Structure formats: C-alpha cells, structure tokens
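The listed protein sequences derive, respectively, from chains A and B. If you count the first sequence from 1, position 643 lands on 643 in the numbering used here, and the numbers rise without skipping. The number in the numbering used here is simply the position in the second sequence, starting from 1, with 1019 added.
2 protein chains.
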Amino acid sequence: METHPPDFPLASSYPTLNRQKTSKSARDYFSTYNSKYLTVPQNRTSLHNSRINGAFEPPSCIESFSSSIINNYLDGTQEGAVDKASPSGMHFRDSKRKVDYVLAYHYRKRLPRHPPGVGSPEPTCGSASLDWVSNGGTGKGHGEPQQQDGGQHVLPEQLGPLGVEVIQLSPQDALEEEKQLQREEYERNLVEAGLEIEKDPENKSQGLSFVRIHAPWQVLSREAELHKIKMPTKKMYEITEEGGVLKTLNEIWCKLTEPLQPQVPQQENTKMKSLSYPFSREKLYLYNVKDKDTFFDNATRSRIVHEILKRTPTKARNSMGINTLIANNVYDAAYPLHDGEYEGQNDDMNERKLLYREWARYGVFYKFQPIHLIRKYFGEKIGLYFAWLGLYTEFLIPSSVVGIIVFLYGCITIESDIPSKEMCDQRNAFTMCPLCDKFCDYWNLSSACATARASHLFDNPATVFFSIFMALWATMFLEQWKRLQMRLSYFWDLTGLEEEEEHPRPEYETKLLQKKLKNKNTRAENSHEDENEKLTWSDRMPGYAANFGLILFMIMLTFSAVFGVIVYRIITAAALSFSTNGTTRSNVRVTVTATAVIINLVVILILDEIYGAVAKWLTEIEIPKTEKTFEERLILKAFLLKFVNSYAPIFYVAFFKGRFVGRPGHYVYVFDGYRMEECAPGGCLMELCIQLSIIMLGKQLIQNNLFEIAIPKLKKFFRKLKDERTEPKEMDISQSKDPQQWDLDYILEPFTGLTPEYMEMIIQFGFVTLFVASFPLAPLFALLNNIIEVRLDAKKFVTELRRPDTVREKDIGIWYNILSGIGKLSVIINAFVIAVTSDFIPRLMYQYAYSQNGTMHGFINHTLSYFNVSHLKAGTQPENSLFAQDILFCRFKDYREPPWSPNQYEFSKQYWAVLSARLAFVILFQNLVMFLSVLVDWMIPDIPKDISEQIKKEKSVLVDFFLKEEHEKLKLIESFIARDKGKHKSGTKGERIRAASFCQFNRSQKGSFTSSRSQHTEV
Amino acid sequence: METHPPDFPLASSYPTLNRQKTSKSARDYFSTYNSKYLTVPQNRTSLHNSRINGAFEPPSCIESFSSSIINNYLDGTQEGAVDKASPSGMHFRDSKRKVDYVLAYHYRKRLPRHPPGVGSPEPTCGSASLDWVSNGGTGKGHGEPQQQDGGQHVLPEQLGPLGVEVIQLSPQDALEEEKQLQREEYERNLVEAGLEIEKDPENKSQGLSFVRIHAPWQVLSREAELHKIKMPTKKMYEITEEGGVLKTLNEIWCKLTEPLQPQVPQQENTKMKSLSYPFSREKLYLYNVKDKDTFFDNATRSRIVHEILKRTPTKARNSMGINTLIANNVYDAAYPLHDGEYEGQNDDMNERKLLYREWARYGVFYKFQPIHLIRKYFGEKIGLYFAWLGLYTEFLIPSSVVGIIVFLYGCITIESDIPSKEMCDQRNAFTMCPLCDKFCDYWNLSSACATARASHLFDNPATVFFSIFMALWATMFLEQWKRLQMRLSYFWDLTGLEEEEEHPRPEYETKLLQKKLKNKNTRAENSHEDENEKLTWSDRMPGYAANFGLILFMIMLTFSAVFGVIVYRIITAAALSFSTNGTTRSNVRVTVTATAVIINLVVILILDEIYGAVAKWLTEIEIPKTEKTFEERLILKAFLLKFVNSYAPIFYVAFFKGRFVGRPGHYVYVFDGYRMEECAPGGCLMELCIQLSIIMLGKQLIQNNLFEIAIPKLKKFFRKLKDERTEPKEMDISQSKDPQQWDLDYILEPFTGLTPEYMEMIIQFGFVTLFVASFPLAPLFALLNNIIEVRLDAKKFVTELRRPDTVREKDIGIWYNILSGIGKLSVIINAFVIAVTSDFIPRLMYQYAYSQNGTMHGFINHTLSYFNVSHLKAGTQPENSLFAQDILFCRFKDYREPPWSPNQYEFSKQYWAVLSARLAFVILFQNLVMFLSVLVDWMIPDIPKDISEQIKKEKSVLVDFFLKEEHEKLKLIESFIARDKGKHKSGTKGERIRAASFCQFNRSQKGSFTSSRSQHTEV
C-alpha cells in the first residue's frame, strides 16, 4: 500500500468501475472515504483473516488500487470489533456477512505461521500483498477463556511449543505440512478471486477446523454475469390464462385440491411473473436490487462460490479446484450451509423448517410437493427429481385404478369362464401323463382346478386391454414429463441454459499427469504434442477391457444364479416327489415355487448391492474425463447390471419355462434323469404373476425400509462412535452447548448424488410396465410404495444430508432415455406375454376357428394331445400306478398329432395355425401400440402451448421493456440538460463534455437515479 | 424545428447517445456540425424524399432533437447534389447508402400531393414533422429529360391536369386513393422507425414505382441488439483438431478432394474461428467494426429491414406489417436486392456471380457446394436445405454402390439358382391350371421361365441384407444430418437461437377483425372479453370439418384411381385373352402391366398437382395464426396426400395383388365373371419392381425436367406477355438501356418457399427406403436425379427468383420428423416385403425343413398344389384345350391339401408353418433393425464431439476475453489518470467527475481508442 499512496483522482473512478455504493451521493462517498482511509492501521493482522476484494481474475497489482478493498477491510475491522458469534450460526462474526460455503479439514500439528516465501503472493505486488494467514496471536483473543466462542480464540501460550516441534518432521508431519501449504495457497487464491474467508484458529494439537467463505456483492455480480444467471427484473407481466370452460375447471380443481396444497408462501400473485434477464452489471437498473445481500438467494450464492472453488487452482500438484483437494485429503469436506434448524417451535421460520413441516414428514403424505421451494432450496437438479417423482406417483393413480378394475373383472368373470369350469368338472376325466418319471402317477386334470381358477384372474381379455393401456400410459407419462419439465424450465428461468465446460475429475487429472511424466521420460525429443494431451483410447484400453469382461462376467453370474435356482427347483421337486407322504407331495409345487422365489429375491438383493459397487469401480477405472460423463457411464452400467439382475428370473418364467420340456416319451433331461420343469396346468402366466409380485414387493419392502431407513441410521451411529473414539478429549469442545450451523452440518452425511434414488424408481417403472400383462396390480403396489418413498427421500434430504450443491439442470438427462427405452421394450414384451405366455390367442383361435358352435366348450379337450402310454420308454412308466391297467392314452398339453396319425407326435396343423396367430398378434399389437404411442407423442406438443406462448411473449415484453427504459433515459437526460442550461447560460466546451459524460454515467446508474440527481445538482 | 432552436449543450449529447461518428474527434465533430447546420434550407422539399432517423419506437417529439436527423438530412442534400444513379444500381442516389429492401407498387392515377391532415404525423410535433411525401415538382428535376434517370424525375407540366381529375373519383380511383393513403402512412411509419427511404416520382398516369429502403447503422445496431444477432468479435480462437492418424487421414482427404472443392474465398484461416457474441451496442469495443456500412452483411441488413417491415403497423385497417399490405394489394412486392448481375465477364465479382460460377451451373456438378457462401447469401433456412440435399446426395453414393453390388450378385447367381433352373427345365412338366376361365388353356410352367429368371435378380438373399443395410443407412443418414446441422449451427452462430414471436398472418387478422365486429354487434353488453380475443375452435370448426372431409375424399379418390387401374388391368387382360391371335396372347401380361403402370403414373402426376393446390387451399381455410403453423400444416397435409397418391398403387402390388385370387374351382370374381388378377409366376416381387421403377423414374423425369424447368420458363414468358399488353406505352421507359437492380429483380419470380423442393426429395427418399427390398437400384436412380436436382435448384435460386428474405432457422423443422417417420415405416414395410412378397422365407423353409438333402432341388414342386381338373366348375373348363384329355391334375401356386386328402383344398400344414416363419421373420427383422437403429442412434452422438468441445471452449474463451478486456480497460484508465494527474497537479471536483465520466465514455468507445486519446489530450 505504501508504494501507491491514495490519490483522489484515482479513487474517483470507483463509482463507474464498480457500480455500487452509488446510492450515496458522490460527495458523501468521498468524504467517508477520506475519513475512513486515514484510520487504516498499518499493521493489518486482525482476528479475522483479512479479505481482499479484487474485482478481476487473474489478480494483479491494480487491485490494490481499488478502493473497495480498503473499504471492505475497513468494514471488516469496524464490525469485527463486536466480537461474538452470529446468533443464527450462519454468518461471519460481524453478523453481517453470510457464510456461503464451508470447508472443513482435520489438522494435526501446529506449524510455524509463515513458511518463508509462501505467505506473500505475486512478488511484483510487493507490499500490496495481504498478510492473510494470520491465525496466530492477536490483540483480541488473548486473555479470553477458550471455550467461550466455540474454540475460535487462541491462547498464544499454546502456539510456542507446537511451533517448535516442526523442526523434527516425521513423514506424517511432512504430509501434514504439505497439506497445510496447499490449504494456504488455495485459500490465498480464493481471496484473490474476491472471496472473503474466516478461519478458526487451530488451537489444539489436532482437530477439526472450518474455513468459512463469504462471497461479496462484487464477486456475486461478476460471476452471475459470466454465467448468465437469469435474474428477475423489475418488470412483471401477466401470465395469460385460458378463458371460458378451462378456466372454470381450473378454478374448481384449485378449490378442490386446496387442502392438498402445501402451505408455503408463494409469490403473492401467481398470475404475474417477473421478466427474467441474464444478470448484467451494466444493466443493473433493470433489476429490483433492494438489498445487495439478499438479491441473490442462498442457493445461487453457494452455487457461485462452488463454481469459484471448483476452478481455483493450486500450483502444488498442478491441479484444479476443491474436488481434487478433497480427493487428496487436503480438505475433509466442502459444503454450503443449511438454512438453520429444521426442528424447534420458535418462530424464526427458515426455508428448511418450512420444507420439513410441509414436505418432509410422513404426516403430510397426502399433500402436493412444494416444488418451487424445493428447487429454491436444493437447486434445479434435485427439484427436477422430486417433480419427476411426484408426476410419476400421480400417474400411478389412474393406472392403479384401472389395474384394480381389471383384477376385479377377473374376479367377477371367474364363475362364467368356461375353460376353468371344464377343467374343474369332475365328469371330464382327462387323464394326464405323469409329471415325473417313475414316481409320479397319471393324474386327473380336475385336481389342478384351483390353479386354473386363479390363473383366470390374470389371464383374461381385460389384460390385453390393460397392456395397451399401460403402453400408452407410459408414453403419456413421458410426454407429460417433457411438458412439465418445459414448464418448470420456464418458471425456473432455465430456458436457454447452455452447457458449461466442466473441469476434469481429479482422477483424470492424476492419470494425465502420470502419462505426461511417462511421456517426458520416454520421448523427450518430440515434445511438440505435449501441450493439450489427453487420454487416448489406448490409455483407456485396459479399463474398457476390464469393463467389458467384468460386465459379461456379472451377467453370466446372474444367469448362473437363475439357472442355479432352476436346478434347485427341479431337484427339490424331484426329491419331494419321491416322498411317500401324501401332503408333502400335494404341496410340492407350492413349496418349491415359494422357496425358489425367495431364493431369487435374496440373490437379487445381494447382487444388487454388489453390482452397485462394481459398476462404480468399473466406471472409476474407465477414468472418464468429467463428472458428467462419469455419472452417465455409471448409470448405464449400473442400470444394465441391475436390470438384468432384477428381470432375469422373470424373463425365464415368462418365456422359457415349460417350453423345453419335450413330450411324453421324449422328455428333455438336465443332468441325470431330471426332467426340465414345466408350468402348472393353469399356464405359465400364473407363475409369472407370483414371481413378479414377490420380487417386486420384496425388493421394495426390503430395499426401502431396511436399507434406506436402517442403514443410514447405522452409518451415522458408527461414525459417531468412531469420532468419539478418535477424538475423545476435544469432544466436549466441539460439542459445546451452542454449536454453529457448520458444526451441525458437518455431522450430517454428505450428499452422494441422485443415482440410487432414480435407479430404484426406474427399476420399479420396469416392474410396472414390462410385465404388466401378467400382474395388473403392479401399479397399485408401486403407488403405495411411492407415497412413502417421496417423504422418505424428502426427509433424508432435509434432515440427514448436508446441503447439496445446487446444480442447474434443464432435464433429467440419461434417465429420460432409459425410461423411454423401457417404455419401448415394454410394448414388445407385453406383446409376447399376451401372445406366448397367456392362453389368450389359443382361446380366441378355438372360439372363432375350431369350435363347433362358437363357444368355448371343448377348449380344454382341444388343447390336450393324446399319448399312447405304451410308447413310454422303459423305466419311466409310473410305478404303483392306480390307473395303469385302465388306460391306453394319457393326455398332455400341446398341439401334436395323435398316436394314430401317420406323423405321430409331430406338431399338428393346429400348432402352426395357433403359432401363426400368436405371431400375427405380436406384430399387430406391437405396431398398433407403437403407432398409437407415436400418435400420442405427436398430438401432445412437447412444450405446453401456454408456455411456448409465454416464452414468446416474454421476449416481446423484454424488447418493449428495453425500449421503454431507453426512452425514459432519454427523457431524463433531456430534462437534465434543460436544467443545466438554465444554470449555465453560456455553455463552454468543458461543460458540454461533462454533460455528455454525465448522461453516460446516468445510463448505467439508472437504478439509483434519485441520489444521482441530488449529486448532480450539488455540482 | 422552429420551436426548438438548436443549442449546443443538447447537441453534445449526441456522441454518447448514438455511439457513432466517434472516430472524429469531438471538436471536429462540433465544428462540422455548426457549419453544416447553418446551411440547412428552411424549405426542405428535395428531390429525394427526406428521411427521418429516429432512434426509438414509438416515435416522439424527442426525436426531432436528435442531431442525427439533421445530420442525415444534411448528408442527404449534400450527396444528393451529385445527381446520378449509382453505378451498381444498388444504392440510393448518393451512391453511398445501400438499398437494403425494395417495395414495389403499381399506381394508376396521380392524386394531389397532400390530402389535408394526412401528410403530417403526430400533430404535437408540429413543425418538426417532415414533409416527406414530396414527390412533386422540385427545383432539381425540372428541366431535365425524362428518360435520363430511369423515370425518377418529374415534369411538373404533367402534374397539373392529372391532379385535377381527383375531384371526380370513380370507385376504382377511390380504392387507388385509399391504397395511396395506406402507402403514405406506412412509409411514414417506416421513417419513424428509423429507416431511410427513397422513392421514385410517380410521373406517369399509371406505372410501377419503387420504394427503396436503407437501414442506417443506428437502426441496424439497435435491431441486432434486440434480436440478439450473434456477431463475430475481435477475438479469434483456434479450433482444436484431432491429432495423430485422424489428422493425417483428414489431410489426405482434403488433398484428394481439392479439385472437387468450389473455388470460393474462405476465411483465410479455417483453423481459426472468431468468437461470436450477441451484438450489444454497449460492448461495441468487442467487435471488429472497421466500417459501419459493411459490418452487417447484406443478408443481415435485409433481414433486419424485413423484421421492421413486418412489425410496422398501419392504422387504416388495424393491420400489421408488409405482408398484410401485400395481401391487400397496397404493394405489389417486397424483396431485398440481389447482389448484382450473375453473368458478365467483368471483374467486379459479387457473391451472386460467385455462386453462379461455382455452384449454380451444371458444369460444376461434381463439386461440393459452397455451403457457407450459400448461407451467407440466402440465409440459414435455404442454406440448411442445400446442406441437407448435399448430405442426402452424398449418402446416396454408398447405397447406390451397395445396390449395384446386390443387383450384380443377382445377375451372377442367376445361373446357379436352382428354383429358376427347375422352372425353366422342360423336363419338369408342371401343368398349371388355366389363368382365365374358358378361354385360357392349361399351360406349362417352363413357359414362365423368363420372368422367373428376371425375378431372381431382385428376389435373392442379398436383398435381405440390402434391406437391413438401407434401414441402418436411413438411421445413419438422419444421425449424420443431426450432426451436420449441429456443426452448421456452430459455424453459423445459431447455437442458442431462440424462437421469436411471429406476427399473425393477414388472413388470420382479417378473420379476427370480422369476428370482433360481429361480436360487437351481437353482444355489445358483455364486452369484457373483447380484449385479447382469438379464433376459437368453434370458429375454425367449418375449416376443420372441410379439411377432414376433403382429405378423406382425396384419399378415397386416390384409392378409386388405383382400383380403376386394377379394373382396367383385369378387363383388358380378359379382353386380350379372348383374342385368337397368338402373339397378342403371349404379350398380354407385358402389354397390360406396361399400360397400367403408365396410367398409374399419369394419374399420380395429375393428382399430385391437384393435391398440392387442394392442400394449400385447405390450409388457408383452417386460418392458422402464424406463417410457421401455416407452413407446418400445409406440409403435413400435402405430404399425406402426395404420399398416399404416390404409394397407393405400389402398396397394392406389394401386399394385396394376387392374395385374393381364391383357388382353382373357387376363384374370387369381381363384377361379372372377371377373376381377380394374380401375380406372374415369378412372384409379385418382380411386378413390384417394375411398378416402383417406372413410377419413380417417370415421376422424377417428368416432374424434374418438364415441370421444374419448362413451367417457370413458360410462366415468365406469360408474365412478360401480360406486362407488355397492359403497359405497352411505358415499356420503353422502364426497360431503358440501363435498368437498375430493383428493376431487374422485379421481373424475376417471387420466392414461394422451400416446401415443393423438400417435398420432392422426401417422396424420393420414400422410394429409396420404403420398398428398397424389391428394387435395389432405386438409390442409384435417386443419386443420378439428385446430381441434376442440386444444380437445378441452385440455378433457380440464383438466376430465376427474387432474392428470398433470409430466415434464421436452426433446423429443417417438421421435415426431419417426416424423414424419421419414413425411416421407421420403411423397416416394417421392408420386413413385410421380404417376408410376404418375396419367396425368401418359403425357400429358407424348404431348404432347412422339407428338403430331403438340404438343397433347393424340388422347391418348385413343393410350392405347387394339386387340383383335380374334374372339380372345375362347369363352364370354366378351358375350351379347345390341347391337354384336356391327358391330364387329371393341374397345379397351382399355393400350399393346399391335395385332392386326395380328407380336407381337400384346405390350407395345408406347410401353409401354416411357412406363415409362422414369415411372421416370425417380420418380428425378428423389425425388432432387430429397430434395435440396431436405436444402437446407431445412441452410439453416434447428436452433437459431434469436436463441436460440443468447441462450444464449451468458446464459452470459456468468451469469459477470458471479457475479463481481459475489462482488465485492459482498467490499465488504460490508470495510465490516463496518471497523465491527467501530471497535468493538473491539484484536482478539483469538476475535474474528477470529468475524468470518471471520461472513463465511462471510453468504456463504450474502446474500439476507437486512439482517436479518443487524441481528443482527450486536446481537451
């Protein structure tokens, strides 16, 4: 500072440069400045780490001119004199500057305050550099008791001995020291970037320390401009509403749902929206800047700080940003602060408490979500997740209702169903071929009456309708989601949001560094390509190979597990059927099916967890460049693995079980003498239904309740336990009776992304759509689950996690593609389930082609082929048969030529005709549903009409608004000039220039017009 | 002007307000101003219609203060003194201001110059209003000969008698007068919006007059800012290129294709791109404004003027913009000017000439298109069309090659094809059942040998491969187009382009006005909803109903036409077969097929033209609100009609012909005794191929050559003829030896949109993809056609059309959806063609299921069923049969039970098995290809990787650039202040303010820094 003594002509450039403080008149400003400046102490070590407030990056000496530094500094010392922690625990000590972000780290040893040459940045700036890492002894904290301020004060006596220890550095200490240096450098860079920081003194031998970061207006406005953050302007405009009937309907709907609306303060007038415009410091007059401290809301502030944190480099390891530092354990954690406590009955309502009351409790499960508030608090990305979840849950309501109706239809028509009646009719003595070799007897079809009747519940014509309905439902849902997304984009001012360049992940950087080093060693001669090197395909080759191999292995593992369960089923069934106990034998099927499905479920749950971890690991070794690619690849892998895992057994039951049985006399055997399993006489659809329902319900119940509720609690408990064990002495200090918000938030779990939440829902979406033809109640169970799920997730976000960094996103990204893929897959799968698994087509065929009188009578007989028992291979005939003497033919379910035909046991003409019908149905169903989906897709515009009109309108309103502003400015200038002329009758050239430049000045300062006027007149 | 005497303090606001002319020093400026001002004549009627140069809309009296008006006015008179037409014919008379737009109108009678109260705008502005419609007698043009300046001068003697006639107004004259008033009002409004106009005097009793419009810098910069037009900044950055092998490959490719590249001056360094940023007057220093006249290129200038023309209202009929005025015949035409002549060997190269030489000639058919130049000249929308057409044509090359290979494969394997050999083998005496009743005899299959062999050319396994290839080709093409589109968006700075609100179409406005009037009459009491009324569904109901009805009728018409041709074929075939002439009978099939296809083609061509007109009319009566909706609906309707029209006969042949024949003894008859037609013995595929090729080739040849080349020439000729007839007297004047550009352009055809061009190509795309399984040479013919088509369209745009208004578009809109729809449809259609129409599946089935030895031997026999000739109905047996005595059984092509089976003539088991196989193939093919398409879609990112990196990079470069600019500005200020301080040792307050405001001034004038500095030092 000494090299650049303050001079007033220089300082006078301030109002035009920094465009703030203009609400004071210039004269006031300068006089304040004068008096303030003179009081600046030369020794600037204070209790608070001093702040540099540079307007520009990269920092240069010029900044030291900027009076704002001095100004801020002065503010700091003045306010700092009131030395107490802020009451809310969310501000710097001056109780003014908000803590926008917190970095936490563990330190071990106290090092000397200034390793030579490190504390002073940019040697050219010389004495202008600020002596910022001055945590040590200050005039302030000296004599005060340690506990008073939550460990923020330092007893200088402690420093001496600890500082001495540095001389004999252990390896651990060296590491510690390096970390310390990196922290110092990083924080210095942050200060140079314009952020203001406050640090706790490191007054214990080891412990937790926080770096609190505040972004001043200058930084916020600069970054908001750079990132084109849209901010509301003063201009409000009316949202056009539909007239007539729609309006009335809308009003009625609003009235009806009023008790379901969360009680959250909305903007007063929902029919008005303020025009948003990318923030521009030059157009400050456009915005409604009442208070510069609150103009940007907390989420935006922390996002801006996070952006700076991410891009601020440290030279030490040539790395970029906070993520690398956290990855290197230089810092433990970095998080923005929650808005306060969520519990407590006191009146100071904060947004977190509001969210808790109106959203994050099971008690409010029936209410709509306060989606705008969620977005405001957690950012757009999380807001979109909950909006999506909400829409999905709402959409489940109609499908549940239709599902129940379809199920009820099955229940009602069960008595009038001729095939199941015929099957149960004891008079129709269909003697069936034995179900196993040797030990099983011939049996009467009427004994399978129960399963036949149950089967009808799910295998009836209404199911076909329901499949079509659900396929269209899925399309509608996706369409509506696109629309809702667009609507939210509009209201959240995300339209026109462009992708930002992302910084590489720390792992990528490390790998790149390694490669560069290796390259330098091996081929130092041709270094021309060294510059913008990146990881090529060959670098990633091992990773890709491992990926490919392991994923293949995992899928094989899943298949083996499924096959294992099949083998279990075959063997157990065989073993149980040896048993002579009658009850055992009659319950064979139930026992085997139930135990097998439970084994399936357990395997799925275990593999799910394993696959989650494997997918993460596999993505790590692929070394994706950015966080975004990482997330996408992880999602794809995890989805692939989990999808295969969850659906493999179901696919088996739906399409393969019972299709490779062979025929009597020519059975297919696995291993030694174990026949392939076949479906129950009621059809495979029944078994599919059981499989599906148990896996779906079991997965939801266990993963939701056990994993999502119990495990975080356990984790928290263990963390606490560990913390207590490692730091038993200081515990009492950090857990003092009045913990600050950053202490409270530090204990919470860090936020690790939305992937698991989405994944769970997407797999569920699969259950709801993929095999819906076999289980119409799936949507109902999904609905019940989701009502809990919403509040569970909400609770987690509000109470159990640190506040996530707010991320601006326009859409849900790759999840949409996955959803749409599942939707498409569901069409073909349902087509096959109906055509192949169910008996729908054979019945239809029988009724219209083979039946004598157009009724279903005789259907059962038609589906059963004859087998001459004398053709049974030796050794496979039933022992101890009760019927053996009486019968010549036994029956089995298939379309084959009878024994008396020339091509005995070949597939009959009926078989091929029915097969043709089945396949024709698949083609018809698939193309019809796809066509309807495309039609629905095309009929429903992606952008709601009112929103697209609104967006267009917004543009013209904006143009009008700008033109008006310009116009008013002109008028103003005119009136000024008129007044000016009145004062100075004969204008000199100098005057003219002044007037001209004043206009210019006024142009950018329009917002503070009144004070400018007074200033001018005083001149 | 008298009420506001000029005063200098006011005028001094000029440089800061209007931000131009700052390259002159302020002192210079003011002195010039002074001297100029004093020369202003009080009587401001001049030869040129005077120009008001208002900066803001809506206009107010303030504008009359703006010195720029005066300035411009002065410029006008000074330059106007050099009274000659500009040499290029593209400027105002001053040879300086470019003509950006031209309005043309016919006038009939000379009216008195000023109907009272009309000529003066805004009465409050009083004398400030300009006397702008002063075409009449001027001091200038008095004595000069009329012909000299292309009829721009007036002989005052003519005016007197004509002016008198007004008193007795005929109805026609009243209409003329109203038009005249509207023109006057409209042009006044244009002048108020800041445009400058120049008019020809209306010196004849009737004739053509032009209004030439120039947009001054002020208007251009304002509009560019409002519409966020991205302009290149000074900052250039390098486009990162791939390294290594890809780079080398790319270089080799560039070398190889060098002779194919058009010789168009590219920007010097293609590896650099200048950073673009939405134009902002406040950030003028960012841009490379060398010359304000050329900073915005011609296309941008005319776009801006067109925008203003569209939104400028006229009160008269409460209507908006030039389109309404043209619709009401107030103006005849409105168009921007071409860049000059396209022919002539003189050296002054303009872009039009360049385009003609390097693009719009058949001679350069082998070259790539200079797509960037096309875009620069015609705007993004037309640029995208040609880019799309180019990509499509390029993509046709590989598919043509593969198609030829497939065809050759068919040619080569024809000798080894066992089925056709068996068919031709005379030893296999397959006696076929007669083809018609009574007159036809039994015939030997070997007589159909030729068709069987020809059929093999198209019906072989390679076709299946080709179908899959083409389905993937279509997906690839669409993907690549998306990528190219993105790439062009990037290079053309369209990223982030947002939709603008469009003005309603004139027809919509008229209808709305009618409705409002009606409403006012009927229910004046409840007028609260009168405000933003719009056409509701009920208003449009008649339109929609008519649409629905007529489209249905049209489709029925098409079907009837197709059916008519079928009937023709059946009857002619029957009639010809009665003939006893042997040659006639043997040629029956060829004759009938050929004539029928030609009839089909003619019907298609005729209906195509009708449907085009009907679609337009139908869209008109739907009264869509905006031009965009109009276009979309028109496209959809026209596409639907033309698609059905072009493909209905082909669909018939592919899927229906020969399927409803019945069987011998039980034929299906239409009308009286005419049997349904069946396919040739070689299979329907052959006929499909003939149908397809003739329709495709015929359509292309006739529509392309006849319609596209001949008809415009005819039209032009007729227009000329008509013009000559109506205005025979003045012809010699307007056709004077040196016509101006606007005269030349007026004679050209107006541009009527890209719809017909796209439509033609899309229908062709359908031919290439939809039935490609049957005609592998389709891509080749399409390619040959397109090579001509590109140059034909190019020629049309460059030489035969008025310059189109440039339209910014990011994509090709609804066409993409149609293309992708055709692509999807092609999958299922090709699946069916292969499965159902071709013999592929039966052969496969025979080879692997029925053949004894796994070869195709015996296939023909297997496909033919037996028929007992004694079962023929009485009267249908062939008369005069040569074989009749010898045979018991005749054969026919079908899978039916033989006469000796219990279910004689029923479909056999083979039938059902083959049917199942066919259907299974459809399912397999469809889902496989769809899956592959999705995979291709997913594997190829929509945004090319380099472009997405570039876009992200651009963003960070932009941020750096801004920060650097700000930084430099600061430094500059610093140095100034230092110098300032040196001069004025003790700063006064006034000085300080001046310095501050100078910085501000400098901030926005950074571009002209050097002169500013000199200015400052002089102060």
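We treat Cβ as the ideally placed atom computed from N, Cα and C, and that holds for glycine. None of the values given here were measured: they were computed from a predicted structure.
Please decide whether residue i counts as near chain B, where near means a Cβ-Cβ distance under 7 Å.
| i | result |
| --- | --- |
| VAL164(A) | Because the pLDDT of VAL164(A) is 41, which lies under 50, any placement of that residue in the model is unreliable, and the question is left without a value. |
| LEU932(A) | no |
| LEU226(A) | yes |
Which chain A residues are close to residue i, counting only those with a beta carbon under 7 Å from its beta carbon?
| i | result |
| --- | --- |
| ASN1946(B) | ILE828 |
| VAL1941(B) | ILE923 |
| LYS1928(B) | LYS909 and TRP912 |
Taking residue i as the query, report the chain A residues whose CB atoms sit under 8 Å from its CB, ordered along the chain.
| i | result |
| --- | --- |
| GLU1301(B) | GLU282 |
So, is the C-beta of residue i closer than 7 Å to a C-beta in chain A?
| i | result |
| --- | --- |
| TRP1931(B) | yes |
| LYS1501(B) | no |
| VAL1483(B) | no |
| VAL1978(B) | yes |
Using a Cβ cut-off of 7 Å, pull out every chain B residue sitting near residue i, in sequence order please.
| i | result |
| --- | --- |
| SER916(A) | TRP1931, LEU1934, SER1935 and LEU1938 |
Name the two residues that bound the continuous beta strand (DSSP E) containing residue i.
| i | result |
| --- | --- |
| SER1884(B) | 1883–1887 |
| GLU196(A) | 196–199 |
If I'm right that residue i touches residue j with Cβ under 8 Å, what's the distance once you round it to whole angstroms?
| i | j | result |
| --- | --- | --- |
| ARG1682(B) | ARG1915(B) | 6 Å |
| ALA2039(B) | ALA1379(B) | A query on residue 2039(B) cannot be resolved here, the shown segment of chain B reaching from 1020 to 2038 and no further. |
Where do the N-terminal and C-terminal ends of the alpha helix (DSSP H) with residue i fall, by residue?
| i | result |
| --- | --- |
| LEU384(A) | 380–413 |
Establish whether the CB of residue i and some CB of chain E are separated by less than 7 Å.
| i | result |
| --- | --- |
| ARG1608(B) | Although the question refers to chain E, the structure presented lacks it and instead comprises the protein chains A and B. |
Item to check | Uninterrupted alpha helix (DSSP H) stretches inside the region 210–258 of chain A (no shorter than 4 residues) | outcome: Whole alpha helix (DSSP H) segments, 4+ residues: 217–226 and 244–256.
Checklist entry - Which runs of the alpha helix (DSSP H) fall wholly inside the region 1569–1656 of chain B and span at least 4 residues, in chain order? => result Complete alpha helix (DSSP H) runs here, min 4: 1601–1605 and 1607–1641.
Checklist entry - In chain order, which beta strand (DSSP E) runs of at least 3 residues are fully inside the region 817–871 of chain A? => result Counting only runs of at least 3 residues, the region 817–871 of chain A fully encloses the following beta strand (DSSP E) elements, listed from N- to C-terminal order: 864–868.
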